[in-house]
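Protein chains in written order, with the working numbering: chain A, 1 to 358; chain B, 1 to 176; chain C, 1 to 635; chain D, 1 to 100.
We put the CB at the ideal spot given by N, CA and C, even for glycine.
Comments concern the structure below.
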Amino acid sequence: MTLGLWSAIMAVAVGAAVMTGVPLMVIVERRGSAWMQRRSGPNRGGPWGLMQPLADAVKFAFKEENIPAKAHPILFVLAPALAVFPPLIAFSVIPVAGSVNIGGVDYPVQVANMSVGLLFLMAITSLHVFSVLTAGWASNNKFSLLGALRSSSQMISYEIAIGICVVSLVLTYGTLDLREIVKLQEAGSQLPAWGLFMQPLAFLILWVCAFAETNRLPFDLPEGESELVAGYHTEYSGMKFALFFMGEYAAMFVASAFLTTLFLGGYNVPFISEETLRNFFLAKGLGLSMASVATCALQALSFSIKVFFFMWVYVWIRWTLPRFRYDQLMYLGWKLLLPLGVLNVFLTIAYTYLRPHL
Amino acid sequence: MNAVLNEAPSIFMWIASAFAVFFSCVVYWSNNPIACAVALMGTLFSTAALYFAIGNYFIGAVQILVYAGAIAVLFVFIVMLLDLKPHKLRSLPGQGAYLSFVTIVAAGLAALLFCTLAKTPSEEAGTAFQLSAKNYSEYFLSHYQVAFQAAGLLVFAAILGAIQLARGHFGKKENT
Amino acid sequence: MNEVANIVAAPLSWIVLLPLAGAVLNGSLRLKSPFNGILATLLCFAAFILSCLQFAKFPEATKLVDPGYLWFQAGHVKAQMGFELTPFMSVMLLVITGVGSLIHLYATSYMSHDKSPWRFFAYLNLFVAAMLMLALSSDLIGVFLGWEGVGVCSYLLVGYWYEDEKNTRAGMKAFITNRVGDLGFLVALFVAFAFFGTSSVSGILEWVADPVRAAALPAWVLTVFAFGIFWASCGKSAQIPLYVWLPDAMAGPTPVSALIHAATMVTSGVLVFVRLWPIFGAQEQLLTLVFWVALATAWMAALIALTQRDLKKVLAYSTVSQLGFMFAALGAGAPVAAFFHVVTHACFKALLFLTAGSIIHGMHDEKDIFKMGGLRSKMPLSHLAYLVGCIAIAGFPFTAGFFSKDLILTKVFESRGLVAYLLLLGAALLTSFYMFRSYTLVFWSKPRSKEAEHAHESDATILTPLMILSVLSLIVGWLEIPHVMGHVQKFSQWVEGSWTVALRGNEAAELNTSTEWLLMGIAAVGSILVAIYAFKKYSTGPDTSPETVAWKVSFNKFYVDELYCKFIIQPFRKVGCKISVWVDEWILDGFLHGLFGGYRVTGQVASIFHTGSVQSYAVLMLLGLLAIWEVARIW
Amino acid sequence: MTTAHLILMVAAFVFSIGALTFFMKRSAVVALMGVELMLNGVNLILVEAGQLHHNAQGTSLVLFVILVAAAEAALALSIFVILYRKYGTLTLENYRSLKG
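So, in C-alpha cells, the structure goes:
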C-alpha cells in the first residue's frame, strides 16, 4: 500500500466523517436550542427526531433552484461550491489519531502529513472569504452585497488576530507540523502539557476569533436576519443554500478541530500516551496492527469528544448571547484582541528567551 | 508527490502547469474584470500547486495565505466595490502594430528567459529536496537581517499609507 | 634671561574661554538690563583674576604654556590651538582684562538705556576674547584668528547703532582698511610656512636665533616677513597710510572707543611687533622706515587734532598721534619703551575716553566742544578725571605720560640723533596744546548751549572706573623711572626675560647725566608752557579768527579721505564695475544660457517618449532592461 | 523534458503574459493583475532554482517578493479607489496629465 493510496482512503474517510457530522450537528443544534428554550424541537422524524436532518436534506434536494435574472450566472453557482471546499481541504492536514501499523509500516491517520500544516490550515481557512464575497456580489442584491462586505471585512480583521496568536504558538512549539504539535502535548504528569495551559491567552483569543471566522453568533452580522434578510445567501435556495449551510457547519468543525489540535492535545487521551495504549492492547493479546487500530480508535474517540465539546459551545453561545453591533465587533477585533495578541507574543518571546535560565 | 526536478514531470505537474497557463491566458483575454480576478486567483492557486509539487510546502502555503488569501481577495473586493464594467483591449491609432510589437516583445522575453535559465547547470537536481520554515528563518535572522527589518518597515508604511488613503483626504470629500 | 628656562603649565585657555563664554551666554540668553552687563563684567573680571594668578607665577617661571590641542594639520602645516605667556605679555594681559573689566563696568551703566544691550555685551566680550587670543596664542595662526576676531568685533561695535547709515559706513571703513593691512599678515604667515615650516611663535623665534639655520635663509625672507607684519600693524595700529579708519570709528558707543581705540585693539600691532622683536631688531632699514612713518603719523595726527570740534575726534587723533610715538620708539630700537608707552597710554587714554563718554552722556549726546563750556562746576568729578588724563598725556612731570614719553624721547635721541628728537618733541608739545584746548573749551568759560547749561554729573557706576583709572594714570609711570631720578627699572626688568635674544637698545651707551636732565627738562617745561598758552588762548571761548588755509587743511584732515577716494577707491570701483559686468554677461549668463539651452534640447528629445501613458513607459522600461540584459550576457 | 524545464516554461509564459497584460489592458486594476502575474512568474523561477540547487537563499527572496507584492497591492488598490472617486473611471488612457 503506497502512501498515496492511504491518503486517498483517509481523504474519503475524513470527508465522510465531516459530512456525517454536519447533519448530526444540525439536530444537536435544533434539539439543544429547544432544550435551552424549554420547548420540544423536532421530535417526530425517527427516534428522538434523529431522522429530521435526512428529511431536511430531501427537502433541500427537491426544492426549486432559483437563479435571479440579473445575477452573474457562473459566479452565482460557483459561490456555494467555494463555501464547502475550503473546510474540507482544511481538514486534510488535521491529525485525527496516531498512526496505524499495516504490514510493519506506520501510516498516520491523517490525509496529508504536511510539514507546514499550521500555515496551510490558516491559508485554506482564509479562502472562506471568497465564497461569501462571490455569493454576495453575484446575487446582485443590496442585502447580499452588504452582508458580503460585512463578512469579508470581519473575517479579514479577525484573521489578523489569529495570525498573531499563531505566531506565539509557533514560538512555544517550535514547529509548524500539526502532528508534531500534538505529540508535544502528549507529555505531562500533573497537568497534560496542553497548549491550553501553556498559552491560555492565545487560547481565549483564538476561541473568540473562531466564532467570528465562522460567522456564528454573537458575530453573525453578515447574515443578521433583522437587518439584512439573510445576508449574502438571501437569493439562494434549494441545494445551493444547503451547501452554504454545510459549509458553515464544516467550517465550525474545522475551527473546533483547530482549537483541539493546538490547545487540547489533539487526539491524545489525557494522561495516557500512545505508547502506553499500544502496549496495553498488545498485552491484551492483540497483534501489532490490531493494537494500533484499537489505539487509533480510542484516540479518534478522544479527538471527537473534544471537537464536539467545542461544537456544543458554539450552540450554547448561539442561544445565549445577543448579536454584537458592527462597531463593537470591529472594536473587539482591532483594539482588544489584536493588542492582546501582540502582548502575548512579547510575553512568549520573553518566556522563550528566559526559559533556559529559569 | 515530491518531484525530482530532472525527471519527467508527473501527470499532476502537467495538470497544474496547464491550469497556470490557462488561467493566465484568461487574465489576458477576458474583458471582464471579475473574470480576470477569478482567473488571477486560479493562476495563483496553480502556482501554489506547483510549489507543493516540487516539494516547497512553505512557499506554497505562504502563496495561498498571502496571494490567494489577501491580495486576490483585495482585487476581487475592489472590482466588486467599484463595479467595473467589461473593458475592451486598448484601442489606439496603430493598435495592430502596437499589439504585434508588444506580443513580439513578450514572446521574445519568454524565449530569452527560457533560453537563459534552461542552461543553468544543476548538480544536485537528481535528489529530492525539502526546505522547511526553519531554513528560511535562519536566513532571515542572519543573512537578510537588514532586508527583513526593512521589509517590516515597508509593510508598516504601507499600512499607514493605505489607512490614510482610505480615509479619503486625497480624494474628493463625499457628502453621503 | 640667562637662567635656565623655567616653563610652567598653566590654565591659560580659560582666560580666553571665560569672555568667550560670556559672549555666547549673552548672545543666547538675551538677559534684561542690567543683568547682561553684570554677566559680561563678571566673566571679564574672572578672566582678570585668573590673569592675576598667572601673573603671580612670574618671575619664578620664565614662560607659562597651555599646549591646547592640534587644531588642524594640512601637509606639514600644523596649527596648534595653544597658548603661551611671557612676562611682557603678562603685563598686557593685566591691561586687557583689567581695563576691559573697568570698561565693562562703565558700559553696564552707559548702555543700560539701549535697545539691545545684550548684543552689545556679547560683542564686547567677544572682543575681549579675541584680543586675549591675539595676545596669548602660541601660534601665528591663532594670533591671526584673534587679529581677525578683533577686526570683526570692531566692525560690529563701530556699526553697533546700525540704524544710522553713517555708523555702518564707518564700521565698513574700519573693516576694509584693516583687510588691506591683513594682507601683510597673510604674506608674513605664508612666508613663515614656506621658509620656517612652522607658524608657532616660539618656533619662528628659535629659527631666527639659530645662526646656522638663519644663515641658510635668503636675506629677503626676513625682510618680507617683517614688512608684512609692519604693514599689518599699520592697519591695526593706525599708521600712515592706513590710519584713516580710526577717527571714523568714533561712531561707535563710547565704551567701545575706550576699549578698542585706546586700550587694546590699536595696540595689537605694537604687541605683535614687540613679540617678534628679535626679527625686527635685525632689520635696520625697515626700522628706519618705521621711525619716519611713525614720526609723520604723530605729526599729521597732532596737526589735525588742533582744529577738530568733535570731542571724540580730538581724542581719536591724539590716539593716532600716540601710536606714532610708540612706533617711533620701535623704529628707534626700543621695544621696552614702546611697550611701556602702550601700558601708560592704555590707562590715560581709557580714562580720557570714558570721561568724554561721561561728558557726552551728561550733555545728552552732544559731542561738539564749541557747544560745551563751563562744565567745571556741573561735573566736578569728570572735570577732575579729564584734567588728570590731560596732564598725563601731555607729559607733566611725574605722571604716567611723562615717564613713558620721556623714555621714548631719550631713546630716539640716543639712536636717531637730535633732529629726530626735536621733531618728535614738537609732536609731543602739540599733544599738550590740543589736549588743553579741548580741556579748556569743555570745562572753562561759560556754557555755550542749552545742553551745557543743563549738563549733569554721571552716576557712580560710571565714575568708579574713572577714579580708578585716574589713580592709575598718575602712578603707573613710576614703574620705570630714569636713573637720574632714582633709577627704578621694575618694568624693563620684568619684561626683559621675554626674549631669548638680547635687546639691541640695552647695549647702547648710556647718556651722561646732564644731557638726560636737559632732555627731560625741555620736554616737561615745554609741555607745561604750551598747556598754559592753550589755556590762556581758549579760556574765553573758541577761536573766532578768520579761516586760514592752514586751518582749513587741518580741519579737513589734510584731505586724505578725499585723495584716497579719488585715487584709490574710484579707480578700483571702475575696474571692478567693468570686470563684474563682463563676468556677469559672458560667464554667468553664458553658463546659464548654455545650461538652459542644453536642458531644453534634451527635454525636447526626451519628451517624445513622454507620452503620459503608464503602459508605454513600461514597454520602454522593458526594452531597456532587455538591452541591458543582452549587453550583460554578451559581455 | 524534465520537470525543471516544464516549470521554467510555465514561469516564462506566466511572466510574459503578465507583461502583456500590463501593456495592453485598459483597466488599471487588470493591469495591476498583470504585475502580480509577472511577480508570480519570477517567484516560480526562484523557487525552482532553489529546489534545483538545494539552497534556501534565493528562495527566501520569494518571501520578500510576496511581502512587497502585498504592500504594493494594498497601496495601489487604495489609490485606485481614490482615483475612481475623483475621476469616475479607472481607464488608464484617461490618466495622461503627465504628458510631456
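Status (buried if at least 16 other CB within 10 Å, exposed otherwise) for M372/C
Indexing the third sequence from 1 puts residue 372/C at position 372. Classification of M372/C: buried, given that the 10 Å Cβ count is 16 or more.
Are the Cβ atoms of T295/A and G98/A separated by less than 7 angstroms?
Here residue 295/A refers to the residue found at position 295 when the first sequence is read from its first residue. Here residue 98/A refers to the residue found at position 98 when the first sequence is read from its first residue. Against a cut-off of 7 angstroms, the Cβ pair of G98/A and T295/A comes out as a contact.
Looking at A534/C: is its Cβ nearer than 7 angstroms to the Cβ of R437/C?
Taking the first residue of the third sequence as position 1, residue 534/C is located at position 534. Taking the first residue of the third sequence as position 1, residue 437/C is located at position 437. The answer is yes: Cβ separation under 7 angstroms.
Enumerate in chain order the residues of its own chain whose CB-to-CB distance from M363/C is below 7 angstroms, with the five nearest sequence positions on each side excluded.
Translated into the one-based positions of the third sequence, residue 363/C becomes position 363. Closer than 7 angstroms at the Cβ level, and outside the excluded window around M363/C, lie M372, E451, A452 and A455.
Among residues of its own chain, excluding the 5 on either side of K446/C, which ones have a beta-carbon nearer than 7 angstroms to its beta-carbon?
As a first step, residue 446/C must be located in the third sequence, where it is residue number 446. Closer than 7 angstroms at Cβ, skipping near neighbours: G373 and G374.
Measuring alpha carbon to alpha carbon, tell me which residue in E72/D, L20/D, L6/D and A4/D is nearest I104/B.
The residue you call residue 104/B lines up with position 104 of the second sequence. Out of E72/D, L20/D, L6/D and A4/D, L20/D has the C-alpha closest to the C-alpha of I104/B.
Of the residues W494/C, E480/C and V495/C, which one's Cα is nearest the Cα of P488/C?
Taking the first residue of the third sequence as position 1, residue 488/C is located at position 488. Reading off the sequence, residue 488/C comes out as Val, not Pro. Answer by Cα proximity: E480/C.
Out of curiosity, what's the CA-to-CA distance linking A35/B and V26/B?
Counting from one through the second sequence, the residue named residue 35/B turns up at place 35. Counting from one through the second sequence, the residue named residue 26/B turns up at place 26. Between A35/B and V26/B, the C-alpha separation is close to 8 angstroms.
If you follow the beta strand (DSSP E) that P108/A is part of, which residue opens it and which one closes it?
Counted from its first residue, the first sequence places residue 108/A at position 108. Per DSSP, P108/A belongs to the beta strand (DSSP E) from V105 to V109.
Just reading off the alpha helix (DSSP H) that M13/B is part of, what are its end residues?
Numbered from 1 along the second sequence, position 13 holds the residue referred to as residue 13/B. Per DSSP, M13/B belongs to the alpha helix (DSSP H) from I11 to W29.
If you measure between the beta carbons of G389/C and F348/C, is that distance less than 7 angstroms?
The sequence position of residue 389/C within the third sequence is 389, counting from 1. The sequence position of residue 348/C within the third sequence is 348, counting from 1. Taking 7 angstroms as the Cβ cut-off, G389/C and F348/C qualify as a contacting pair.
Less than 7 angstroms between C-beta atoms, sequence neighbours within five positions excluded: which residues of the same chain meet that for F80/D?
Taking the fourth sequence and counting its residues from 1, one reaches residue 80/D at position 80. Hits under 7 angstroms: A28, V29 and L90.
What residue does the alpha helix (DSSP H) around D406/C start on, and which one ends it?
One-based indexing of the third sequence puts residue 406/C at position 406. Counting along the chain, the alpha helix (DSSP H) containing D406/C begins and ends at A400 to F443.
Should G269/C and V158/C be called a contact, given that it needs their Cβ atoms to be closer than 7 angstroms?
Counting from 1 along the third sequence, the entry for residue 269/C is found at position 269. Counting from 1 along the third sequence, the entry for residue 158/C is found at position 158. No, the pair does not count as a contact, with Cβ atoms beyond the cut-off.
Would a C-beta distance cut-off of 7 angstroms place K173/C and M250/C closer than the cut-off?
Taking the third sequence and counting its residues from 1, one reaches residue 173/C at position 173. Taking the third sequence and counting its residues from 1, one reaches residue 250/C at position 250. No.
Whole angstroms is fine: what's the gap from G597/C's alpha carbon to Y95/D's?
Position 597 of the third sequence holds residue 597/C. Position 95 of the fourth sequence holds residue 95/D. Spanning the two alpha carbons is a distance of roughly 30 angstroms.
Own chain residues within Cβ distance below 7 angstroms of V95/C, not counting five before or after:
Here residue 95/C corresponds to residue number 95 of the third sequence, with the count starting at 1. Around V95/C: A263, V343 and A346.
Does K99/D come out as helix, strand or coil in the three-state DSSP assignment?
As a first step, residue 99/D is located in the fourth sequence; it is residue number 99 there, counting from the start. Three-state DSSP puts K99/D in coil, outside helix and strand.
Mind listing the chain B neighbours of V62/D? Cutoff is C-beta to C-beta under 7 angstroms, in chain order.
To locate residue 62/D, count along the fourth sequence from 1; it is residue 62. Correct list: I59.
Between Q615/C and chain D, is the shortest Cβ-Cβ distance under 7 angstroms, so that the two count as touching?
The residue labelled residue 615/C in the question sits at position 615 within the third sequence. For Q615/C, the answer is yes, since a Cβ of chain D falls inside 7 angstroms of its Cβ.
Host beta strand (DSSP E) of V8/C (start-end)
Numbered from its first residue, the third sequence carries residue 8/C at position 8. Counting along the chain, the beta strand (DSSP E) containing V8/C begins and ends at I7 to A9.
Excluding the 5 residues flanking G27/C on each side, which residues of the same chain have their C-beta closer than 6 angstroms to its C-beta?
On the third sequence, position 27 is the one that residue 27/C refers to. Once the five neighbours on either side are set aside, the close Cβ partners of G27/C are A122.
Taking the alpha-carbon positions, what's the Q37/A to V229/A distance?
In the first sequence, the residue the question calls residue 37/A occupies position 37. In the first sequence, the residue the question calls residue 229/A occupies position 229. In a straight line, the C-alpha of Q37/A is about 23 angstroms away from that of V229/A.
Continuous alpha helix (DSSP H) assignments of at least 4 residues falling wholly in the segment 184 to 235 of chain C:
201 to 209 and 211 to 216
Could you pull the DSSP bridge partners for F72/C from this structure?
Translated into the one-based positions of the third sequence, residue 72/C becomes position 72. DSSP, once it has assigned bridges, lists A79/C as partnering F72/C.
Output yes or no for whether 7 angstroms exceeds the beta carbon distance between V79/B and A39/B.
For the purposes of this step, residue 79/B is taken as residue 79 along the second sequence, with counting starting at 1. For the purposes of this step, residue 39/B is taken as residue 39 along the second sequence, with counting starting at 1. No, these two residues do not count as a Cβ contact at 7 angstroms.
Within chain D, partners of V619/C - CB distance below 8 angstroms
In the third sequence, residue 619/C corresponds to position 619, counting from 1. F23, listed in chain order.
For L127/A, collect the residues of the same chain with a Cβ closer than 7 angstroms to its Cβ; drop the 5 residues on either side in sequence, then sort them by chain order.
Stepping through the first sequence from its first residue, residue 127/A is reached at position 127. If we look at L127/A and ignore the five residues flanking it on each side, its Cβ neighbours are P86.
Can you give the Cα-Cα distance for W71/C and I141/C, rounded to whole angstroms?
In the third sequence, residue 71/C corresponds to position 71, counting from 1. In the third sequence, residue 141/C corresponds to position 141, counting from 1. So the alpha carbons of these two residues sit roughly 10 angstroms apart.
Which stretch, first to last residue, makes up the beta strand (DSSP E) that contains A97/A?
As a working mapping, residue 97/A is identified with position 97 in the first sequence. Looking at the DSSP string, the run of the beta strand (DSSP E) that includes A97/A is A97 to I102.
9 angstroms Cβ cut-off: residues of chain D touching G42/B:
In the second sequence, residue 42/B corresponds to position 42, counting from 1. Neighbours of G42/B on chain D: none; closest Cβ ~11 angstroms, over 9 angstroms.
Three or more C-beta pairs below 8 angstroms linking the segment 176 to 188 of chain A and the segment 122 to 140 of chain A
no
Rounded to the nearest angstrom, what separates F567/C and V560/C at their Cα positions?
Here residue 567/C is taken as the residue at index 567 of the third sequence, counted from 1. Here residue 560/C is taken as the residue at index 560 of the third sequence, counted from 1. Cα-Cα distance, rounded: 10 angstroms.
Only counting the same chain, and skipping five residues up and downstream in sequence, which positions put a Cβ closer than 6 angstroms to that of L352/C?
Mapped onto the third sequence, residue 352/C falls at position 352. If we look at L352/C and ignore the five residues flanking it on each side, its Cβ neighbours are L315 and G389.
N-terminal and C-terminal residue of the alpha helix (DSSP H) that R31/A is part of
What you label residue 31/A is simply residue 31 of the first sequence in a count that begins at 1. L3 to M36 is the extent of the alpha helix (DSSP H) around R31/A.
Taking the alpha carbon of Y136/B as the point to measure from, which residue in A20/B, M41/B and Y57/B has its own alpha carbon closest?
If you number the second sequence from 1, residue 136/B lands on position 136. The residue with the shortest Cα to Cα distance from Y136/B is Y57/B.
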